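Asker: One structure is given below, represented as structure tokens, and several questions about it will come after.
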Amino acid sequence: VKNTLRVLRAERDWSQAELADRLGVSRQTVNAIETGKYDPSLPLAFGIARLFDRMIEEVFDPEQPDVARRRPA
Amino acid sequence: MTQTEITPRATAPAPPIRPGRIEFTACGPTAKLSQQAVLDVTLLYAGAVAIPLLVKLWTRAKTQPGLEPWTGSLLLTGAFVAAGLVAFLFRRLARRGDYWAMFLGGGVAFFALFRFDKGPLAAGTVLEKPLVLLPLIPAALTIWAFLKMVRNTDELQRRILYQALSVGFVVTFAATLAYSVLEDLGLPHVSAVWWWATLVLSWVVGLAISSRRYR
Numbered sequence: 326v327k328n329t330l331r332v333l334r335a336e337r338d339w340s341q342a343e344l345a346d347r348l349g350v351s352r353q354t355v356n357a358i359e360t361g362k363y364d365p366s367l368p369l370a371f372g373i374a375r376l377f378d379r380m381i382e383e384v385f386d387p388e389q390p391d392v393a394r395r396r397p398a
Numbered sequence: 002m003t004q005t006e007i008t009p010r011a012t013a014p015a016p017p018i019r020p021g022r023i024e025f026t027a028c029g030p031t032a033k034l035s036q037q038a039v040l041d042v043t044l045l046y047a048g049a050v051a052i053p054l055l056v057k058l059w060t061r062a063k064t065q066p067g068l069e070p071w072t073g074s075l076l077l078t079g080a081f082v083a084a085g086l087v088a089f090l091f092r093r094l095a096r097r098g099d100y101w102a103m104f105l106g107g108g109v110a111f112f113a114l115f116r117f118d119k120g121p122l123a124a125g126t127v128l129e130k131p132l133v134l135l136p137l138i139p140a141a142l143t144i145w146a147f148l149k150m151v152r153n154t155d156e157l158q159r160r161i162l163y164q165a166l167s168v169g170f171v172v173t174f175a176a177t178l179a180y181s182v183l184e185d186l187g188l189p190h191v192s193a194v195w196w197w198a199t200l201v202l203s204w205v206v207g208l209a210i211s212s213r214r215y216r
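As you go down the protein sequences, you meet chains A and B in turn. Numbering-wise (the working numbering), the first sequence opens with residue 326 and increments by one. Numbering-wise (the working numbering), the second sequence opens with residue 2 and increments by one.
Structure, rendered in structure tokens:
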């Protein structure tokens with residue numbers, strides 16, 4: 326899942342550690358999400374969207390095509 | 002219903018800052034235990050080594066003729082001071098919420114107390130016998146620190162921890178089985194406590210490997 330976390334963080338001039346503190350997670354987790362090495366859970370993804378006052382789709386963008394469309398009816 | 006209506010757009014203020022998260026990367030190659038933590042763990046080890054040493058000297062002094070009567074009291078007082086130091090350091094680490102350092106400190110204190118000769122104490126008076134159980138105190142503190150550490154982890158750290166424990170379990174399982182076969186071939190019998198050490202060591206290696214994957 327691609328995300329715009331690094332851009333959003335830069336807009337607010339927050340460090341990774343500062344963002345991690347605001348989200349209640351470790352700096353390691355923020356870094357792993359930013360670099361795309363870790364996809365956050367739904368509660369954390371919603372928490373990130375809420376913190377930046379964005380919709381969740383504005384922060385996270387699935388690279389794969391919509392799975393639901395490929396499912397048989 | 003439009004997309005905007007079904008997607009929650011939060012307007013709530015940012016959640017408060019919650020400090021005190023434990024960086025599990027501290028267990029990896031970029032180990033960054035604070036200087037205070039290193040000092041505390043070192044002092045803890047020194048205190049834990051001093052306790053059995055002083056108790057051993059005290060038990061010897063009791064049976065040795067010609068020694069000054071105050072020698073035994075001095076050695077026993079020293080053992081109590083060392084025990085007080087260890088207790089103080091554990092309390093300081095717990096108050097600081099430095100559970101990783103407390104886990105390490107508990108481990109080294111356990112080994113320091115476990116390795117000493119318990120024979121004279123086990124055969125001693127009613128007051129001396131319970132001292133044999135002394136290693137159980139740091140063991141309990143280690144377990145407590147570990148549980149606190151796990152509870153304080155976030156979702157990624159919990160994943161890393163789970164992967165690392167899997168590595169620890171598999172390595173220890175394989176090592177136990179392999180050595181049991183080697184024992185049949187004539188290798189010396191090894192105390193079960195070393196399997197515990199193998200588990201911790203392979204767990205730490207697993208932490209380093211898993212942490213690296215998400216860096």
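Backbone N, C-alpha and C define an ideal beta-carbon position, used for all residues, glycine too. Source: prediction; values computed, not measured.
For A146 of chain B, which residues from the same chain have a beta carbon less than 7 Å from its beta carbon, with the 5 sequence-adjacent residues on both sides left out?
Answerer: Y100, M103, F104, G107
Asker: What is the rounded straight-line gap between the Cα of L135 of chain B and the Cα of R116 of chain B?
Answerer: 11 Å
Asker: Rounded to a whole number of angstroms, what is the C-alpha to C-alpha distance between R337 of chain A and L148 of chain B?
Answerer: 36 Å
Asker: Along the chain, which unbroken stretches of the beta strand (DSSP E) at least 3 residues long are found entirely within the stretch 96 to 123 of chain B?
Answerer: Considered as a whole, the stretch 96 to 123 of chain B harbours no complete run of any beta strand (DSSP E) with no fewer than 3 residues.
Asker: Can you list, in chain order, the residues of its chain with a C-beta nearer than 7 Å to that of S211 of chain B? Leave out the 5 residues immediately preceding and following it.
Answerer: I161, Q164, A165
Asker: Buried or exposed for A374 of chain A, going by 16 or more other Cβ atoms inside 10 Å?
Answerer: Classification for A374 of chain A: buried.
Asker: With 9 Å as the C-beta to C-beta threshold (strictly closer), list the residues of the stretch 141 to 155 of chain B near chain A in chain order.
Answerer: T154, D155
Asker: Can you tell me whether N328 of chain A is helix, strand or coil according to DSSP?
Answerer: strand
Asker: Which residues of chain A have a Cβ atom closer than 9 Å to the Cβ of A215 of chain B, listed in chain order?
Answerer: A quick correction: the sequence has Tyr, not Ala, at residue 215 of chain B. Result: Q353, T354, N356, A357, T360, K362, Y363.
Asker: Can you give me the C-alpha to C-alpha distance between V82 of chain B and V206 of chain B, rounded to a whole angstrom?
Answerer: 36 Å
Asker: Residues bridged to F385 of chain A by DSSP?
Answerer: Paired residues: A:N328.
Asker: To the nearest angstrom, how far is the alpha carbon of R334 of chain A from that of I144 of chain B?
Answerer: Computed Cα separation, rounded: 38 Å.
Asker: List, in chain order, every chain B residue whose beta-carbon is nearer than 7 Å to that of L369 of chain A.
Answerer: E156, listed in chain order.
Asker: Please say whether L157 of chain B and T354 of chain A have beta carbons closer to each other than 8 Å?
Answerer: yes
Asker: Examine chain B for any beta-carbon lying closer than 8 Å to the beta-carbon of V332 of chain A, and answer yes or no.
Answerer: no
Asker: Count the other C-beta atoms from every protein chain shown that fall within 10 angstroms of the C-beta of N328 of chain A, then say buried if there are 16 or more, exposed otherwise.
Answerer: Flag for N328 of chain A reads buried.
Asker: Specify the secondary structure class of Q341 of chain A as computed by DSSP and reduced to three states.
Answerer: helix
Asker: Distance, Cα to Cα, D378 of chain A vs D364 of chain A?
Answerer: 20 Å
Asker: Name the chain B residues that come within less than 8 Å of V350 of chain A, Cβ to Cβ?
Answerer: R22, D155, E156, L157
Asker: Quick one: Cα of A88 of chain B to Cα of V171 of chain B, how far?
Answerer: 35 Å
Asker: Identify, in the order they occur along the chain, each residue of the same chain with its Cβ nearer than 6 Å to the Cβ of T199 of chain B, setting aside the five sequence neighbours on each side.
Answerer: T173, A176
Asker: Check G48 of chain B in the structure and name its three-state DSSP category.
Answerer: helix
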